[in-house]
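Only one structure is covered here, and it is reproduced in the block below.
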Amino acid sequence: MENEDGFIAMRQEQVIVRWLDEAIPVEEVGGKAAHLAELLRKGLPAVPGFVVTTHALDLFLEACGLPLPSLLSERGDPDSLAERSEAIQARMCATPLPEEIVTTVEAAIERAGFEETPVAVRSSGILEDAAATSFAGQYDTLLDVTGKEAILRAIQHCWRSLFSVRALTYHANLDETRREEGFSPSPFRMAVLVQRMIPATVSGILFTANPKTGDPSEMLIDAVAGLGDRLVSGSVQPVSYRIRRGRFGRLHPLPAGANGTGSEGEGGGLLQKEDLEALGRLGLRIEGIFKVPQDIEWCLHEGRLHLLQARPITSLLPPPASKERPVIWTRRFSGERWTQPVSPLGWSVMQRILHHFTHFPRTSERFLEGAMPTRIVAGHIYFNITILVRLLVKFPGSFLPAFLLELLPDSERKRIEARRFLFPPIPFLWSMFVDACREGMWGRFDWNIFANDRHWEAFIPEFEARLSAIERAFEEAPDARSCLGHLEATHALALDYIRIHLMSLAYSNLFYQGLGFLLRRWVGDRKDDLRAFLVSGLPGNMTVEMNKELWRLSRMAAASAPLRELFGTTSAERIYALLPSVSPEFLEALDRFLEKFGHRSHASWEIFSPRWREDPSFVLAILQEYLNLEGGEARLPSPPVAQMKATAPIDPIAREREMCAQREDVTRSIEAEIARHPMERLFPLRTWIFRKVLGYAQRYMATRENQRFYFDKLVFLKKHLLQAILEELAARKLLEDSRAGSFLTLEEVADLLEGRLSPGEAAQRIATRRTEYERNRRHEAPVFLLDDLPLHEPPEGAKATLTGLGVSPGRFTGRVKILFDPSQARCLTTGEILVTRATDPGWTPIFLKIGGIVMELGSLLSHGAVVAREYRLPAVVNVPGATTRLRDGQLITIDGSSGSIFLHS
19 MENEDGFIAM
29 RQEQVIVRWL
39 DEAIPVEEVG
49 GKAAHLAELL
59 RKGLPAVPGF
69 VVTTHALDLF
79 LEACGLPLPS
89 LLSERGDPDS
99 LAERSEAIQA
109 RMCATPLPEE
119 IVTTVEAAIE
129 RAGFEETPVA
139 VRSSGILEDA
149 AATSFAGQYD
159 TLLDVTGKEA
169 ILRAIQHCWR
179 SLFSVRALTY
189 HANLDETRRE
199 EGFSPSPFRM
209 AVLVQRMIPA
219 TVSGILFTAN
229 PKTGDPSEML
239 IDAVAGLGDR
249 LVSGSVQPVS
259 YRIRRGRFGR
269 LHPLPAGANG
279 TGSEGEGGGL
289 LQKEDLEALG
299 RLGLRIEGIF
309 KVPQDIEWCL
319 HEGRLHLLQA
329 RPITSLLPPP
339 ASKERPVIWT
349 RRFSGERWTQ
359 PVSPLGWSVM
369 QRILHHFTHF
379 PRTSERFLEG
389 AMPTRIVAGH
399 IYFNITILVR
409 LLVKFPGSFL
419 PAFLLELLPD
429 SERKRIEARR
439 FLFPPIPFLW
449 SMFVDACREG
459 MWGRFDWNIF
469 ANDRHWEAFI
479 PEFEARLSAI
489 ERAFEEAPDA
499 RSCLGHLEAT
509 HALALDYIRI
519 HLMSLAYSNL
529 FYQGLGFLLR
539 RWVGDRKDDL
549 RAFLVSGLPG
559 NMTVEMNKEL
569 WRLSRMAAAS
579 APLRELFGTT
589 SAERIYALLP
599 SVSPEFLEAL
609 DRFLEKFGHR
619 SHASWEIFSP
629 RWREDPSFVL
639 AILQEYLNLE
649 GGEARLPSPP
659 VAQMKATAPI
669 DPIAREREMC
679 AQREDVTRSI
689 EAEIARHPME
699 RLFPLRTWIF
709 RKVLGYAQRY
719 MATRENQRFY
729 FDKLVFLKKH
739 LLQAILEELA
749 ARKLLEDSRA
759 GSFLTLEEVA
769 DLLEGRLSPG
779 EAAQRIATRR
789 TEYERNRRHE
799 APVFLLDDLP
809 LHEPPEGAKA
819 TLTGLGVSPG
829 RFTGRVKILF
839 DPSQARCLTT
849 GEILVTRATD
859 PGWTPIFLKI
869 GGIVMELGSL
879 LSHGAVVARE
889 YRLPAVVNVP
899 GATTRLRDGQ
909 LITIDGSSGS
919 IFLHS
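Those letters in the sequence shown? Residues 19 to 923, per the working numbering, in order.
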């Protein structure tokens, strides 16, 4: 049947042609045409025309024998994209247009007066020009098309571009993303837009917000002489302008560049002040209609402005915060403790603990724009370090706390170090003081710098007793509601632990830095090499004791032919099950080790990270590697003191004895150097100060390392309690399975248990967060954020040297081995340089096998650095992008004193 305009209506009012000034749904005319139709109805200067709808394409595909359902079902195989594209387009070329389409489109051409007028024939896909998907450049546009037959051929050409290899690939990638996010495949349909051709004198693009920074107060304009197809294709360098909202008279033309349309002077003549003001006003109107920043294509002809396209800016960065000082966020502390994206349940438990000590609400509101102490971005934890910048005070001759500077971006650190004075921010400090007094926060920390370590030693028996009491209560009452109560008991214990631990961290850093300051002033140690030897080989380090126990197990295995054969011929995952029949004695020794150290993990602060006791294969893989080592042959760097022994063995037990002797020799050497000062003979003040600072540095270094051993026990118990709750929820069919519960928060778990959260809603949240978690695992998070934007440090250009922070002295040349998980240790070859993002105690058993370490994250007193110094391994941390800028097998030299990494050709 025909409508009143003479156009044929198809299948219950599914029409073939729509006029651009109609109110038409996007599923009929596509995104581009729908946006232009909206602008035309609002009276904006969009170019009029008509749209060949998606129903016409459906009709044509049926005529081709290519029904849409079959095309949708086949498009998931990327290997056959080229073949399918060629076959589909060949079929479309060989099929004439159905008569209904020809008749309707020719009638529209006549009504529009386009019989002899050049037109532009442009695609308008269903998802084209959407907020998340622009499909820019995926489909074809044909310009200067004249005559009915040519227009019909151009329409077919646009339809065929829907099935080009590039468009099919774009759709395939988009579908994968949509499936990951829980959506159905993307709509696979296209309309075609036919408009009068505008013989433009100037064409361009207007962004109503700066797409590079997200700044909504700044518009950007790119312009070229003539038609805009060269600009969109990137074949010419445009002339660029900036417009600040509200002050359009202030113009900032940028040079056109070597390939541009002209010099800066010529470029400035493309658009006059009046043109820029008109574009600015137009951009504001369009943004007001669609309520989001817009990417607008426009052209000028005979002084009149024409709109060609308007779409949301895709991938627009969040706008910079309107603050006097932006908030700096870092992963340098958290990245060592959470090496993978966090689970929502694990983080909800840990965040509550951390915020007890770090959240000053009134001070944050007044001075930090209300920012919280921590945040999650793409599954990674960031700490707000803006407050640390505010706390820094510097006077001539004084030193800034290195452990605070290490947390800052290099650009911020260099800016601060260049300042001669940093005056104390009295109002800020006073506000913090008042907050602390009002909220009783002073009592949350063990402040006594001279007794904190003794308080820790006294707390250990209490910690063990309370932990055992919670374990007994758990055995007696393992139901979910009781476990929530047990979790509260572990929370209280964690607060008491961190009350001491946080200040132990601070004091170990202060005394360690103070020791370096004294050595530089009194002994002339410019590289801090001596300091590393003074705090190494200390007795009682639980991490070193763990590695010594592992070594003893490896020697026990090495002495047994059946065990040597088992470890040499069997995968680590299968060894434990075979041990009862091969060596019950070794199994008993291994179980004793796991009983004592099995609560450790390579990501210990992530509650749901696998523990060694749960999966012994990691420990067994390390033992396999130890069996391949020759205990006495490889030697490690010697200290820079002439009377030191020349080498240290790999055997950690012999190494500890030798390091202890070296530490004592270095100490005597330094004291002798200090005693040479004339005044020391009369009043040995320097010697007294050195001994005091050294003693505290050694005590706090041992304390902070061992505290993690005990905290890991507490985290493991939290994991048992949470697993018991989740298993009960799964048994009651409130969860699909217990593992899924890690994607809920603790509050949501409690709500699900009490019936305040429905299983269906919980399942939806779990599905969304699981998808997000998997996506986050595949992407590397930036180390720093400035407000909401990634802060990328300036690249080092073409230098053949990477630089970072040297944390363990020595120089070593070897081949790079990039690992992201210690379970990959079997890929290591003895003497390779480990390159990774960060390490924690779970990595340290493989340190015996490597020649040096490069890390993207870390600090002087991070666990990787401490153990590297213990093992005399040169180590460099805070090397941005090390895992991507270096490659496996590359020959490099690392200098753990200067923090330099030399790349060999």
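Yeah, the Cβ is synthetic: ideal placement off N, Cα and C, and Gly gets one too. Computed from a predicted model, the values in this text were never measured in an experiment.
Subject >> C-alpha distance - residue 768 paired with residue 749, whole-angstrom precision >> reply: Here residue 768 refers to the residue found at position 750 of the sequence shown. Here residue 749 refers to the residue found at position 731 of the sequence shown. In a straight line, the C-alpha of residue 768 is about 16 Å away from that of residue 749.
Original post:
Whose C-beta lies closer than 6 Å to the C-beta of residue 678 among residues of the same chain, with five residues either side of it excluded?
Top reply: If you number the sequence shown from 1, residue 678 lands on position 660. The residues are 555.
Original post:
Is DSSP giving residue 166 helix, strand or coil here?
Top reply: Looking up residue 166 in the sequence shown gives position 148. Note: residue 166 maps to helix in three-state DSSP.
Subject >> Cut-off 8 Å between Cβ atoms - residues of its own chain near residue 133, not counting five sequence neighbours on either side >> reply: Taking the sequence shown and counting its residues from 1, one reaches residue 133 at position 115. Once the five neighbours on either side are set aside, the close Cβ partners of residue 133 are 127, 165 and 166.
Original post:
Is the beta carbon of residue 74 sitting closer than 8 Å to the one on residue 34?
Top reply: Within the sequence shown, numbered from 1, the residue matching residue 74 stands at position 56. Within the sequence shown, numbered from 1, the residue matching residue 34 stands at position 16. In contact: residue 74 and residue 34 (Cβ atoms closer than 8 Å).
**OP:** Compare the beta carbon distance of residue 71 and residue 36 with 8 Å and say whether it is the shorter of the two.
**Re:** Position 53 of the sequence shown, counted from the start, is the residue given in the question as residue 71. Position 18 of the sequence shown, counted from the start, is the residue given in the question as residue 36. Yes, the Cβ-Cβ distance between residue 71 and residue 36 is below 8 Å.
Original post:
Quick one: is residue 613 buried, meaning 16 or more other Cβ sit within 10 Å of its Cβ, or exposed?
Top reply: One-based indexing of the sequence shown puts residue 613 at position 595. The residue is exposed, with fewer than 16 neighbouring Cβ atoms inside 10 Å.
**OP:** Using only alpha-carbon positions, find the residue among 373, 383, 380 and 408 that is nearest to residue 393.
**Re:** For the purposes of this step, residue 393 is taken as residue 375 along the sequence shown, with counting starting at 1. Among 373, 383, 380 and 408, the Cα nearest to that of residue 393 belongs to 373.
**OP:** Could you have a look at residue 33 and say whether DSSP puts it in helix, strand or coil?
**Re:** Working through the sequence shown from its first residue, we reach residue 33 at position 15. Strand at residue 33.
Original post:
Going along the chain, which residues of its own chain have a beta-carbon closer than 6 Å to the beta-carbon of residue 638, five neighbours each way excluded?
Top reply: For this step, residue 638 is matched to residue 620 along the sequence shown. Hits under 6 Å: 590 and 593.
Subject >> For residue 833, the three-state DSSP class (helix, strand or coil) >> reply: On the sequence shown, position 815 is the one that residue 833 refers to. If DSSP states are grouped into helix, strand and coil, residue 833 belongs with the strands.
Original post:
Whose CA, out of 912, 448, 105 and 67, lies closest to the CA of residue 84?
Top reply: On the sequence shown, residue 84 is found 66 positions in, with the first residue counted as 1. The shortest C-alpha separation from residue 84 is found at 105.
Subject >> Backbone secondary structure at residue 702 - three-state DSSP >> reply: Here the question's residue 702 lines up with position 684 in the sequence shown. Coil, per DSSP.
**OP:** Return the first residue and the last residue of the beta strand (DSSP E) that residue 364 is part of.
**Re:** Reading the sequence shown from its first residue, position 346 is the one you call residue 364. Per DSSP, residue 364 lies in no beta strand (DSSP E); the unbroken alpha helix (DSSP H) holding it starts and ends at 362–376.
Original post:
Using a Cβ-Cβ cut-off of 8 Å (strictly less than) and excluding sequence neighbours within five positions of residue 17, which residues of its own chain qualify?
Top reply: Here the chain covers residues 19 to 923 and nothing more, so residue 17 does not appear.
**OP:** Using beta-carbon positions only, say whether residue 688 and residue 533 come within less than 8 Å of one another.
**Re:** Locating residue 688 in the sequence shown gives position 670, where the first residue counts as 1. Locating residue 533 in the sequence shown gives position 515, where the first residue counts as 1. Contact flag unset, no.
Original post:
Short check: CB of residue 222 to CB of residue 246, under 8 Å?
Top reply: For this step, residue 222 is matched to residue 204 along the sequence shown. For this step, residue 246 is matched to residue 228 along the sequence shown. Cβ distance < 8 Å, so residue 222 and residue 246 count as in contact.
**OP:** Please determine, among 673, 584, 397 and 839, the residue with the shortest C-alpha to C-alpha distance to residue 789.
**Re:** Start at 1 with the first residue of the sequence shown, and residue 789 comes out as number 771. With respect to the C-alpha of residue 789, the residue from 673, 584, 397 and 839 having the closest C-alpha is 397.
**OP:** For residue 66, collect the residues of the same chain with a Cβ closer than 6 Å to its Cβ; drop the 5 residues on either side in sequence, then sort them by chain order.
**Re:** Translated into the one-based positions of the sequence shown, residue 66 becomes position 48. 38.
**OP:** Evaluate contact between the region 684–703 and the region 514–522, counting only Cβ atoms and requiring at least three cross-stretch pairs below 8 Å.
**Re:** no
Subject >> Own chain partners of residue 470 with C-beta closer than 7 Å, once the 5 adjacent residues on each side are dropped >> reply: Taking the sequence shown and counting its residues from 1, the one referred to as residue 470 is at position 452. Only 464, 518, 521, 522 and 525 meet the Cβ criterion.
Subject >> the region 779–786 in contact with the region 889–896 per 3-pair CB rule at 8 Å >> reply: no
Original post:
With a Cβ-Cβ cutoff of 8 Å, do residue 553 and residue 716 count as a contact?
Top reply: Sequence index remark: in the sequence shown, residue 553 carries index 535 (1-based). Sequence index remark: in the sequence shown, residue 716 carries index 698 (1-based). Cβ distance < 8 Å, so residue 553 and residue 716 count as in contact.
Subject >> Among 707, 852, 903 and 214, the one whose alpha carbon lies nearest that of residue 819 >> reply: Within the sequence shown, residue 819 is the residue found at index 801, counting from 1. Comparing Cα positions, the closest option is 903.
Subject >> residue 704 beta carbon less than 8 Å from that of residue 540 >> reply: Stepping through the sequence shown from its first residue, residue 540 is reached at position 522. Stepping through the sequence shown from its first residue, residue 704 is reached at position 686. Against a cut-off of 8 Å, the Cβ pair of residue 704 and residue 540 comes out as a contact.
Subject >> Reduced DSSP category for residue 897 - H, G, I as helix; E, B as strand; rest coil >> reply: Residue numbering aside, residue 897 sits at position 879 when the sequence shown is read from its first letter. Coil.
**OP:** Give every residue of the same chain whose Cβ lies closer than 7 Å to the Cβ of residue 60, excluding the five residues on either side of it in the sequence, and list them in chain order.
**Re:** The count along the sequence shown starts at 1 and reaches residue 60 at position 42. Excluding residues within five positions, the ones whose Cβ falls inside 7 Å are 307.
Original post:
Relative to the alpha-carbon of residue 795, which residue among 357, 410 and 178 has its alpha-carbon at the smallest distance?
Top reply: Counting from 1 along the sequence shown, the entry for residue 795 is found at position 777. Among 357, 410 and 178, the Cα nearest to that of residue 795 is on 357.
**OP:** Report the rounded CA-to-CA distance for residue 278 versus residue 321, giving the unit in angstroms.
**Re:** In the sequence shown, counting from the first residue as 1, residue 278 sits at position 260. In the sequence shown, counting from the first residue as 1, residue 321 sits at position 303. Per-residue confidence for residue 278 stands at a pLDDT of 34, beneath the threshold of 50, marking its modelled position as unreliable; no derived number is given.
Original post:
By Cβ distance below 6 Å, which residues in the same chain neighbour residue 867 in space, the five residues on each side in sequence not counted?
Top reply: Taking the first residue of the sequence shown as position 1, residue 867 is located at position 849. Cβ contact annotation for residue 867 (same chain, cutoff 6 Å, sequence separation greater than five): 643, 846 and 848, in chain order.
**OP:** Quick one: grab the DSSP three-state call for residue 619.
**Re:** Along the sequence shown, one-based indexing puts residue 619 at 601. Here residue 619 sits in coil by DSSP.
Original post:
What's the call for residue 905, buried or exposed, on a 16-neighbour Cβ count within 10 Å?
Top reply: Mapped onto the sequence shown, residue 905 falls at position 887. Counting the other Cβ atoms within 10 Å of the Cβ of residue 905 gives fewer than 16, which makes it exposed.
Subject >> Bounding residues of the alpha helix (DSSP H) (the contiguous stretch that carries residue 429) >> reply: Numbered from 1 along the sequence shown, position 411 holds the residue referred to as residue 429. Taken as a continuous stretch (DSSP letters only), the alpha helix (DSSP H) holding residue 429 covers 428–435.
Original post:
So, helix, strand or coil for residue 559, using DSSP?
Top reply: To locate residue 559, count along the sequence shown from 1; it is residue 541. Residue 559: coil per DSSP, three-state reduction.
Original post:
Expressed to the nearest angstrom, what Euclidean distance is found between the alpha-carbon atoms of residue 914 and residue 829?
Top reply: Within the sequence shown, the letter at position 896 stands for residue 914. Within the sequence shown, the letter at position 811 stands for residue 829. When the Cα atoms are used, residue 914 and residue 829 turn out to be separated by approximately 6 Å.
Subject >> Nearest residue (CA-CA) to residue 801, options 348, 682 and 720 >> reply: By one-based count along the sequence shown, residue 801 stands at place 783. The shortest C-alpha separation from residue 801 is found at 348.
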